[in-house]
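Position 168 (the sequence shown) corresponds to 299 in the numbering used here; numbering is contiguous.
For each residue, glycine too, the CB sits at the ideal point set by N, CA and C.
Only one structure is covered here, and it is reproduced in the block below.
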Amino acid sequence: MNLLKKIVVVGDGACGKTCLLSTFSQNEFPEEYVPTIFETYAKDIELDGQKITLALWDTAGEEDYDRLRPLSYPRTSVVLVCFSIDQPDSLWNVREKWWPEVKHFLPGIPVILVGNKLDLRRKKGRHPVTESEGMKVARKINAARYMECSAKYMVGIKAIFFEAARISLEPIKPVNRWCNYL
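Next comes the structure, spelled out in structure tokens:
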């Protein structure tokens, strides 16, 4: 019997979440952008002799769905907070929107910060996010890991999900939710 682990993916619209999930679970890169409301995928993997089914939850990044998105959060094992390497604003939104939301709804759940669209870092005329900028934000939000990938060229994709599975097997640290009134 497989162990089931739920991985939820959040981040701005068009930052590469669906491509990341589709490339990993179906070995195909979607060429056309179609905004996601909610989509689920499943992928069976084997990690250190343990069979694991990864339940992969793709969420809407658009503001219109801010109130619906938390419905996908219960029983999450690991959160992938994504941004697009070619869109520095999407990294800014990690700190200003995505991390506060994850911290509020999923306290204590491990986070991997994922820089998508690695293949666009070297494109001329752009000012992409550097690896050190991504790592700095990962430290600031206390992410378990910082990883980068290119779904288009299938670079780093498997490593992200195998690392998420590995992290999901670690015991979750208890979160102190005290409320002090003075």
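TODO: Below 7 Å CB to CB, which residues in the same chain sit around P259 once its five sequence neighbours on both sides are set aside?
DONE: I216, D217, L251 and R252
Open item on the list: Once the 5 residues before and after Y321 are set aside, which same chain residues still bring their CB inside 6 Å of it?
Closed with: With the chain covering only 132 through 313, there is no way to say anything about residue 321.
Open item on the list: Would you say T167 lies against chain D (beta-carbon separation less than 7 Å)?
Closed with: The structure shown contains no chain D; it holds only a single protein chain.
TODO: Tell me the start and end of each unbroken beta strand (DSSP E) in the stretch 140-203 that is at least 3 residues and wholly inside, in chain order.
DONE: 169-178 and 181-190
Task: Where G246 falls: helix, strand or coil (DSSP) - done: strand
Task: Candidates S203, V212, I298 and A145: closest to E227 by CA position - done: V212
- [ ] List the residues that DSSP assigns as beta-bridge partners of L134.
- [x] I183
Open item on the list: Quick test of the definition: if touching needs 3 or more C-beta pairs under 8 Å, does the stretch 228-248 touch the stretch 269-283?
Closed with: Yes: the two stretches touch, three or more of their Cβ pairs being nearer than 8 Å.
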